[in-house]
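A.B. asks: Residue numbers (my numbering): 245 to 384. Pasting a structure here, questions to come.
Following this line, the structure appears as structure tokens:
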């Protein structure tokens, strides 16, 4: 089992680029961590046969997903899942992965703001254009 994190940024990603960097394969597991419509539209095409797509970040009420049903379900057998919560055991596993260095969580933080900039933080998250994860730091 090998886990590979490939961060293209919003504008640089495509399933074709993923194949180039992953020995001609798509991903076994894709996790959408932002509510961006672009990310949600690209995600199904990024999952390999028998893989899983987890929609972690919520979408806006207006967002729709253009999904090629035959390709996704019958040709590639992709499993679609959603979640915005985790069990205590999931938290322990995640913390172990972060502490061991297998997941570098800091690289997902795009903005660190003080409480005086809380409205800016909410705006960044709601618009989901230039932000990945916004952290409010009371020490700032």
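We put the beta carbon where it would ideally sit given N, CA and C, even for glycine. Being a predicted model, the structure only gives us computed values, none of them experimental.
1) Have a look at the DSSP bridge pairing and note the partners of residue 291.
2) For residue 375 and residue 367, what's the separation of their Cα atoms in angstroms?
3) Report the partner residues of residue 326 according to the DSSP bridge assignment.
4) If distances are taken between C-alpha atoms only, which option among 358, 290, 335 comes closest to residue 321?
5) Going straight from the alpha carbon of residue 245 to that of residue 312, what length do you get?
6) Considering just the uninterrupted stretch of the beta strand (DSSP E) at residue 353, what are its terminal residues?
C.D. replies: Per the coordinate set shown:
1) 271
2) 10 Å
3) 299
4) 290
5) The predicted model places residue 245 with a pLDDT of 45, which falls under 50 and marks its position as unreliable; any figure quoted below should be read in that light. About 29 Å.
6) 353-357
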